[in-house]
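With the working numbering, the residue at position 209 of the sequence shown is 236, and numbering never jumps.
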Amino acid sequence: MAVAEDKKTSIKGGEFLIKETPASQIFIPEEFNEEQQMIADTCRDFLRTEVWPRLNEIDQAKSPELMSSLMDKAGELGLMGTVVPEEYGGFGMNFNTSMLVAEATGAGNSFSVALSAHTGIGTLPIVYYGNESQKAQYLPKLASGEWKAAYCLTEPDSGSDANSGKTKAKLSEDGKHYIINGQKMWITNGGFADVFIVFAKVVDASGQTDKNLSAFIIEKTFGGITMNEPEHKMGIKGSDTRQIFFNDCLVPVENMISEQGNGFKIAVNILNIGRIKLAAAALGGSKQVAKQVINYANERKQFGTSISNFGAIKHKLAEMAIRMFTTESAAYRVGQNIDDLIITLKEKGLNDAEAKLKALEELAIECAIMKVHGSEVLDYVVDEGVQVYGGMGYSADAPMDRAYRDSRINRIFEGTNEINRLLVVDMLLKRAMKGQLDLMGPAMAVGKEIMSIPDFGFDEDEALFAAEKKVIRNLKKAVLMVAGSAVQKFMTKLSDEQEIIMNLADMIIETYVAESVLLRVEKRIDLLGAEANALQKDIAQVYLNEAVEKVNNAGKSAITSFAESDELRVMLMGLKRFTKIEPLNLKDARRRIADALIAKNDYIF
């Protein structure tokens, strides 16, 4: 596994807002080695031979047997054990390699959902929190695919507020079992799972219920488990999604994961993993749709020529590529940060599981950022895909129908995008209040800067992307200015101002991904030369221009929501100063990108 050069000894989530990252310190997808690429090719070959030819059959299946059999075949290839340690029958891949697997399998529609539910939220609680006995008992069968897993957290009245679940676990009189009673819903793989990771609140002998959830490993054979028929859903129709009922289900006390009351922490940390992996899977889905759209645009003729020759279509094709390339740049940046931090933490004495959990907890902000960005890029790609297909895009006989419907769940999975936006800002501010991240110091400095005379001089630095990096620095100043003023205005009541928090989150997200794509292209140029990266440079510069506009709009919305009179004028002046960028002919840049896609009849990045 290629590790970023000059690896940081300390990585803190959210520090990108106040620090500059050298391009040499990030990992880019071009650095995946031959073995990693072979693993990804195996995943793609599996989709090509086993899944794509049967997509209609999968969607129309009346029972879970077909999906279960596909999971068996995936298990035979080792796709079910990618993150399980080698001593328990898995491959023990590092984090960024597991991200590549998530991307490569992400184009499998309903199958991708089933696979990721098993390998992610269904298996990882045992990998990271299980004791040695639990790992030895369950992981080998989960890694081989002999047993399939499901994750039972959501309840009818407990969705985003996961800790409000009402499922109860009461200790039996002989102290040997927990008696589980409750209802779970939207359970992926519910119809064929052998093992359920179930969250419940323990009730003591006096009838008092814990405030926090606990987590349990429950086998289907324990009894007391019933379920409804599969849910009828808008999309991912082949994914077996059920309501599960636990009625006096007897669970051995040794099947509690971790310790009593630790379930909510387990759920949150596993969701962090799910969020960044979802970004990778959404990227894989986006690439597959983009290929289909490019092919169709070249084949479809109107007014005597392929519609790919029209500027309006070129704009769409280029914009798809720009957003996908940017998501990819940021996602693998986060993945490598996680890997690097795991290494650092292990060097400091933490064991493997502790290091991985701590690293994921530290980079939870970036995981949430990527969940939002990746899922919204996929939605953009499929929506414009329908548009390029035109009338055929609305036909169930064309691929955009399924792609459009299957995409929509990703903005809800792993916490809605609204919840994730709130989390991005909330986590940043909490870390600042605890002294873990100095945001207010830089924010105050920016406040003083906007009262000073602006620098109208030209930046004569001829280093690569010097001007663009200055733009990124200014976008960070815009974020700090708005965030600092909002905190001073509302103090602890800022959490009630969700619209402003959403604006701040959008500013942060756009700044992070714009910086990520710029760093990737800078490193590519260093490795491969400028001539080989002319189109990638176009991508980075177009996206940066778009990010500046989005940051300006979100900042303006936030500022006008709470500032008045002189404060309003000063802040808008500061925002204008911090969201300046040299004009770029965006049309020509997009056309160059689109022409390359059209010429190759494929997504080439």
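Even for Gly, the Cβ is constructed at its ideal location relative to N, Cα and C. It should be emphasised that the depicted structure is a prediction, and the values quoted were computed from it without experimental measurement.
What's the gap between the Cα of residue i and the Cα of residue j?
| i | j | result |
| --- | --- | --- |
| Leu-545 | Gln-568 | 8 Å |
| Gly-350 | Tyr-630 | Note on identity: in this sequence residue 350 is Arg, with Gly being the wrong assignment. Distance between the alpha carbons of Arg-350 and Tyr-630: 12 Å. |
| Asn-123 | Gln-363 | 6 Å |
| Thr-150 | Ile-365 | 19 Å |
| Met-261 | Ser-434 | 10 Å |
| Gly-401 | Lys-516 | 32 Å |
| Glu-393 | Ile-38 | 12 Å |
| Gln-87 | Gly-582 | 46 Å |
| Ala-386 | Asp-221 | 30 Å |
| Ser-51 | Asp-237 | 48 Å |
| Lys-375 | Leu-450 | 29 Å |
| Lys-564 | Val-409 | 25 Å |
| Val-506 | Ile-439 | 26 Å |
| Arg-617 | Glu-445 | 30 Å |
| Ala-496 | Thr-538 | The question names Ala, but residue 496 in the sequence shown is Lys. Distance between the alpha carbons of Lys-496 and Thr-538 is about 11 Å. |
| Glu-47 | Leu-277 | 54 Å |
| Gly-40 | Glu-388 | 9 Å |
| Leu-127 | Ala-324 | 28 Å |
| Ala-425 | Leu-93 | 23 Å |
| Asp-33 | Arg-432 | For Asp-33, the pLDDT reaches just 46, beneath the cut-off of 50, and the residue's location in the model is therefore unreliable, leaving the point undetermined. |
| Pro-56 | Thr-132 | 16 Å |
| Ala-227 | Ser-160 | 21 Å |
| Lys-58 | Ala-242 | Sequence inspection shows Glu at residue 58; the Lys mentioned does not correspond to that position. C-alpha separation (whole angstroms): 38 Å. |
| Glu-84 | Tyr-359 | 34 Å |
| Asn-580 | Lys-504 | 15 Å |
| Ala-170 | Lys-100 | 12 Å |
| Arg-327 | Ser-266 | 32 Å |
| Val-514 | Ser-185 | 30 Å |
| Leu-97 | Gly-217 | 15 Å |
| Gly-119 | Lys-383 | 12 Å |
| Met-65 | Phe-73 | 12 Å |
| Asp-453 | Ser-522 | 8 Å |
| Glu-77 | Lys-461 | 51 Å |
Should residue i go down as buried or exposed, given a rule of 16 or more other Cβ atoms within 10 Å for buried?
| i | result |
| --- | --- |
| Val-229 | buried |
| Ala-129 | buried |
| Tyr-421 | exposed |
| Gln-329 | exposed |
| Pro-80 | exposed |
| His-204 | buried |
| Thr-215 | buried |
| Thr-332 | exposed |
| Thr-248 | exposed |
| Ala-339 | exposed |
| Leu-638 | In the structure as shown, the chain starts at 28 and stops at 632, and residue 638 therefore has no counterpart that could be examined. |
| Lys-341 | buried |
| Val-320 | buried |
| Ala-29 | For Ala-29, the predicted model reports a pLDDT of 42, less than 50, meaning its position is unreliable; a value from the coordinates is still stated below. Ala-29 should be labelled exposed. |
| Ser-335 | buried |
| Thr-194 | buried |
| Ala-31 | Per-residue confidence for Ala-31 stands at a pLDDT of 42, beneath the threshold of 50, marking its modelled position as unreliable; the derived number appears in the next sentence. By the neighbour-count rule (16 or more Cβ atoms within 10 Å), Ala-31 is buried. |
Considering just the uninterrupted stretch of the alpha helix (DSSP H) at residue i, what are its terminal residues?
| i | result |
| --- | --- |
| Gly-209 | From DSSP, Gly-209 is part of no alpha helix (DSSP H) but of the beta strand (DSSP E) over 204-215. |
| Ser-356 | 338-374 |
| Tyr-407 | 391-416 |
| His-145 | 137-146 |
From the DSSP secondary-structure annotation, give me the bridge partner or partners of residue i.
| i | result |
| --- | --- |
| Cys-276 | Ile-207 |
| Ala-254 | Note that residue 254 corresponds to Met in the displayed sequence, not to Ala. Answer is Ile-271, bridged to Met-254. |
| Glu-594 | Note: Glu-594 sits in no beta bridge, so no partner. |
| Ala-196 | Ile-207, Val-229 |
| Met-283 | Phe-243 |
| Lys-168 | The partner list for Lys-168 (beta bridge, DSSP) is empty, contrary to what the question assumes. |
| Ser-333 | Lys-328 |
| Glu-23 | Absent from the model: residue 23. The displayed extent of the chain is 28 to 632, so no value can be given. |
| Thr-236 | Val-230 |
Where does the unbroken beta strand (DSSP E) through residue i begin, and where does it stop?
| i | result |
| --- | --- |
| Tyr-716 | With the chain covering 28 to 632 only, the question about residue 716 has no answer from this structure. |
| Ile-224 | 222-230 |
Kindly examine the ligand MN and report whether one of its heavy atoms sits closer than 7 Å to the Cβ of residue i.
| i | result |
| --- | --- |
| Leu-611 | The model on display carries no ligand, and the ligand MN is accordingly not part of it. |
Any beta carbon from chain D within less than 8 Å of residue i's own beta carbon?
| i | result |
| --- | --- |
| Gly-135 | Annotation note: the requested chain D is absent from the structure, which comprises a single protein chain. |
Quiz prompt | Validate contact between the stretch 145-158 and the stretch 175-189 using beta carbons, cut 8 Å, 3 pairs | solution = yes
Quiz item: Would you say the stretch 390-400 touches the stretch 298-316, given that touching needs at least three Cβ pairs under 8 Å?
Solution: yes
Quiz item: Counting Cβ pairs, one atom from each stretch, are 3 or more of them under 8 Å apart for the stretch 351-358 and the stretch 306-313?
Solution: With a cut-off of 8 Å, the stretch 306-313 and the stretch 351-358 count as touching, because enough Cβ pairs lie within range.
Quiz item: Is there contact between the stretch 593-601 and the stretch 551-559, where contact requires at least three CB pairs shorter than 8 Å?
Solution: no
Quiz item: Quick check: the stretch 155-173 against the stretch 284-300, are there 3 or more CB pairs under 8 Å?
Solution: yes
Quiz item: Okay, do the stretch 97-117 and the stretch 159-174 touch, 3+ Cβ pairs below 8 Å being the bar?
Solution: yes
Quiz item: Touching or not, the stretch 569-588 and the stretch 518-530, by the rule of three or more beta carbon pairs under 8 Å?
Solution: Contact between the stretch 569-588 and the stretch 518-530 is present, because at least three Cβ pairs lie under 8 Å.
Quiz item: Counting Cβ pairs closer than 8 Å, one from the stretch 67-85 and one from the stretch 102-112, do we hit at least three?
Solution: yes
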